[in-house]
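Chains as they are written, first to last, in numbering that gives the first Met the number 0: chain A, 0 to 223; chain B, 0 to 228.
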Amino acid sequence: MPRESKKPLTEQEMAMRVAKEIKDGNCVNLGAGIPFPVVNYIPKDIWAMVHIEHGILGVGGTAQGPMKERDLMGLGRRPIFPVPGASCFSSVDSFTMLRGGHIDISVLGAFQVSEKGDVANWLLPGECPIVGGAMDIVGHVKRLIILMTHVTKKGEPKIVKECSLPVTGYGVVNMIVTDLAVIEVTPNGLLLKEIAPGYTTEVIQALTEPQLIVSPGLKEIILK
Amino acid sequence: MAINKVYNSCDEAITDISDGATIMFGGWGPAGDPENLIRALVKKGVKDIIGIANDPGNDRDGIIYSLYLLIKEKRVKKFIGSYHAWNPEFIKQFKAGELEFEVCSQGILAERIRAGGAGIYGFYTDVGADTLLAEGKEKRVINGSTCVLEMPLKADYALIKAHIADKWGNLRYRFTSQNFNPVMATAANVVIAEVENIVGVGSLDPNEIHTPGIYVDRIVKGEYYAKRV
């Protein structure tokens with residue numbers, strides 16, 4: 000049988016995969032970068048409200064053309080539009096929702112995730128810090144999903160035994176979705192559940208620092 | 000009504016702000032940005048500012064917001080906020096040691112300001128308690144979680160932006176332009192609100208006021224708003 004060539008997920012496909020984690024009734028916080036486009040792939044047959052720290056619950060997506068409003072700004076200072084049922088509020092309320100454990104899922108980017116579920120996403124050596132709201136979010140939302148490329152631009156693993164970068168939160172990550180794999184953080188270690196088309200568990204393991212536990216139900220990432 | 004909080008121009012509204020003032024700036028990106036007041040501050044030449052805001056602002060495709068102009072002209076000596084907003088001048092001054100940056104997770108920043116405005120002398124939180132940001136902070140274990148003591152923030156002035164004000168200073172905001180504005184309105188000695196419209200007392204529905212007029216000292220209609228977003 001001819002081997003299918005390796006095909007990492009595009010950023011769009013990564014967002015599509017994360018969207019499958021959202022269940023009916025969920026309130027979901029989306030971070031800057033790759034996570035925000037998840038808003039475009041939430042299944043149409045469920046009721047889910049997207050929260051961003053700017054102070055809105057019920058984001059529909061990026062606004063186009065005449066819908067652009069300077070008073071309705073989202074991540075990356077891009078205009079957004081609200082869905083029916085949306086509400087707007089202050090930063091105090093926005094973070095009460097996050098810190099108070101009212102948000103079901105948060106999807107954030109990261110520099111590194113450790114096998115214990117530690118996440119580092121606020122400080123690179125010699126750089127200016129960029130906390131944003133990350134420290135309020137991690138450890139307080141019911142479920143934290145990290146969405147990131149599997150390796151750095153230099154090809155170094157971002158899933159590591161111990162974070163070498165300053166940590167944002169310890170033991171806070173529930174799931175890691177990358178362009179190559181879907182991994183669940185369990186008390187026993189990292190459980191490899193899905194892999195990108197054309198990849199083998201050996202190739203994924205070679206790009207991941209800690210030992211992965213291969214799920215008995217391992218399958219190819221399905222987007223639809 | 001005897002009391003008059005309405006000023007004729009942003010220049011007049013900020014005329015007593017002097018060098019070294021601690022100033023809170025509402026807004027996040029162009030939403031809720033007190034841009035006319037900030038331009039007046041730049042024009043007046045106020046320097047050695049201790050600035051408190053979500054971020055130090057930037058120039059995004061010609062939309063200039065937050066402290067961008069003040070930082071560009073090196074008028075800010077210390078900034079308390081949650082991230083750098085990729086403001087190149089801010090990053091440059093920070094790396095050169097010319098500008099002190101007290102970084103604070105965004106929700107804790109809001110809560111410290113809330114404490115400042117609400118007569119709370121400090122609060123414990125587990126946010127960042129096991130990170131580098133906890134260094135030097137008093138710690139205490141509460142219900143099994145390590146927490147740090149966070150101190151309140153207050154300012155000499157708060158420059159905020161709302162959509163509409165009545166002449167007593169009751170304010171309403173639109174969409175995501177609330178952000179830090181309502182909480183900052185509670186935490187400064189002098190609160191100056193820049194708005195797009197000023198209406199008579201009684202014109203706003205009491206059920207729909209976001210910031211009650213008690214918090215607002217000065218109201219001014221912003222002179223110019225860029226249409227483009």
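Cβ coordinates follow ideal geometry from the N, Cα and C atoms, glycine included.
Query: Through-space distance from residue 208 of chain A to residue 181 of chain B, alpha-carbon basis; Result: 46 Å
Query: Residue 96 of chain A - DSSP class collapsed to helix/strand/coil; Result: helix
Query: Given residue 4 of chain B as reference, the closest of B/192, B/225, B/202 once Cα atoms are compared; Result: B/192
Query: Per-residue burial, residue 4 of chain A [other beta carbons within 10 Å of its own, 16 or more giving buried]; Result: exposed
Query: Buried versus exposed, by CB contacts within 10 Å (16 or more), residue 15 of chain A; Result: buried
Query: Segment contact, 8 Å Cβ cut-off, at least three pairs: the stretch 64-73 of chain A with the stretch 25-44 of chain B; Result: yes
Query: Inter-stretch contact (C-beta, 8 Å, three-pair minimum) for the stretch 161-176 of chain A and the stretch 131-149 of chain A; Result: yes
Query: Proximity test, Cβ basis, 8 Å: residue 132 of chain A and chain B; Result: yes
Query: Beta-carbon spacing of residue 94 of chain A, residue 177 of chain B below 8 Å; Result: no
Query: DSSP-derived helix/strand/coil call for residue 76 of chain A; Result: helix
Query: Residue(s) in a DSSP beta bridge with residue 168 of chain A; Result: A/118
Query: Other residues of its chain near residue 96 of chain A: CB distance less than 6 Å, five sequence neighbours each side excluded; Result: 102
Query: Other residues of its chain near residue 110 of chain A: CB distance less than 6 Å, five sequence neighbours each side excluded; Result: 119, 120, 164
Query: Which of helix, strand or coil DSSP assigns to residue 103 of chain B; Result: coil
Query: Sequence-distant residues of the same chain with beta carbon closer than 7 Å to residue 12 of chain A, five excluded per side; Result: 222
Query: Endpoints, beta strand (DSSP E) assigned at residue 182 of chain B; Result: Note, residue 182 of chain B: premise wrong, no beta strand (DSSP E); alpha helix (DSSP H) at 180-183.
Query: CB contact below 8 Å: residue 7 of chain B versus chain A; Result: no
Query: Between the CA atoms of residue 126 of chain B and residue 86 of chain A - distance to the nearest angstrom; Result: 25 Å
Query: Rounded separation between residue 0 of chain A and residue 197 of chain A - CA only; Result: Legend: pLDDT at residue 0 of chain A = 42, less than 50; position of this residue unreliable, no value from coordinates given.
Query: Residues of the stretch 99-124 of chain A with Cβ closer than 9 Å to any Cβ of chain B, in chain order; Result: 121, 122
Query: Under the three-state DSSP convention, the category residue 172 of chain B falls into; Result: coil
Query: Nearest to residue 203 of chain A (by Cα), restricted to the options A/187, A/181, A/186; Result: A/181
Query: DSSP-derived helix/strand/coil call for residue 26 of chain A; Result: strand
Query: Top-ranked residue by Cα proximity to residue 196 of chain B, from B/216, B/122, B/173, B/44; Result: B/173
Query: Candidates A/183, A/201, A/179, A/210: closest to residue 7 of chain A by CA position; Result: A/179
Query: For residue 155 of chain A, three-class secondary structure by DSSP; Result: coil
Query: Terminal residues of the alpha helix (DSSP H) in which residue 24 of chain B lies; Result: From DSSP, residue 24 of chain B is part of no alpha helix (DSSP H) but of the beta strand (DSSP E) over 21-24.
Query: Proximal residues, the stretch 67-92 of chain A versus chain B, C-beta separation under 7 Å; Result: 67, 68, 69, 70, 71, 72, 76, 78, 87, 88, 89, 90, 91
Query: Residue of A/20, A/137, A/190 minimising C-alpha distance to residue 45 of chain A; Result: A/20
Query: Run of the beta strand (DSSP E) containing residue 182 of chain A, from where it starts to where it stops; Result: 180-185
Query: Spatial distance of residue 35 of chain A from residue 29 of chain A (CA atoms); Result: 5 Å
Query: Simplified DSSP state of residue 156 of chain B, which is helix, strand or coil; Result: strand
Query: Contacts of residue 145 of chain B in chain A (Cβ-Cβ under 9 Å); Result: Neighbours of residue 145 of chain B on chain A: none; closest Cβ ~10 Å, over 9 Å.
Query: Residue 48 of chain A - partner residues in DSSP beta bridges; Result: A/26
Query: Near-chain B residues of the stretch 152-180 of chain A - C-beta to any C-beta below 7 Å; Result: 165, 166, 167, 169
Query: Chain B within 8 Å of residue 25 of chain A, Cβ atoms only; Result: no
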